[in-house]
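Okay, structure first, notes after.
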Ligand SMILES: [Zn+2]
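In the numbering used here, the protein residues as written are 1 to 255.
Structure, rendered in structure tokens:
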């Protein structure tokens, strides 16, 4: 018999997690939705430790692959920079890899996924093949004008390990263009530039409507006795306080 490959060991480890961890401590799968710039990343980052969950941003994972120049990164680079959607099969590939990682024991908050109806269906299938299900889709609702303002004012730390984001008006760095946390220069992400913003919003408008309908219709009780449904959280633009938005999301989750 041949030595088991690394892939086989990863499969075995994941099988052990599913069988011995997930069966007794049910993992929670929650997704945060909303237009580009709605603050999904910020909310997910704050929410994950509070609920004891991991945070997975497919966007951040793909940007990391691009940064590292992997084959996968090369495949998604163009679409990402232009603000277009990355093909579903590629997003699913990175998502599945992430969800199988050992740190996802207690469950995960997905941020920026699913983007399309097809991805939502694929996610349901994937989770169901593992005997688990999506618990809730939380929708951060902002007006389009607010989204545009947020995106164009957003600056991101150029240090990939930090990646903190700032808002020039509501959450500026202490020293202009320098990250408070790590001292690296702040940059404007390519997809936060005006031409990309327009494309991203148009894509969001087209793709999000059927997605919302899908989750609203998905009020069926799944195996765990949980109803998956859309919870709408309205975020007024003046409500920039992270704690306040977080409190609204927690309330929606407990609803
Ligand atoms: Zn930084």
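Beta carbons are placed, not taken as given, at the ideal position from N, Cα and C, and that holds for glycine.
| For residue 92, which beta-bridge partners are listed by DSSP? | Looking at the DSSP assignment, residue 92 forms no beta bridge with any residue, so it has no partner.
| Should residue 154 be listed as close to ligand 1, given that the test is whether its C-beta is under 7 Å from any heavy atom? | The beta carbon of residue 154 sits no closer than 7 Å to any heavy atom of ligand 1.
| Out of curiosity, what's the CA-to-CA distance linking residue 248 and residue 104? | When only Cα atoms are considered, residue 248 and residue 104 end up about 25 Å apart.
| task | Name the residue from 119, 251 and 100 whose alpha carbon lies nearest to the alpha carbon of residue 210. | result | Ranked by Cα distance from residue 210, the options 119, 251 and 100 are led by 119.
| task | Could you check how far apart the C-beta atoms of residue 151 and residue 197 are, in whole angstroms? I think they sit under 8 Å. | result | So it is a contact: roughly 5 Å between Cβ atoms.
| task | Pick out the complete beta strand (DSSP E) segments inside the region 78-152, 3 residues or longer, and give them in chain order. | result | Correct list: 107-111 and 136-141.
| said: Please classify residue 97 as buried or exposed, where buried requires at least 16 neighbouring CB atoms within 10 angstroms. | reply: Residue 97 is exposed by the Cβ-count criterion.
| Between which two residues does the alpha helix (DSSP H) harbouring residue 197 extend? | Per DSSP, residue 197 belongs to the alpha helix (DSSP H) from 194-217.
| task | For ligand 1, list every residue whose C-beta falls under 6 Å from any of its heavy atoms, going in chain order. | result | Taken from the N-terminal end onward, the list reads 157, 159, 162, 164, 179, 181, 182 and 184.
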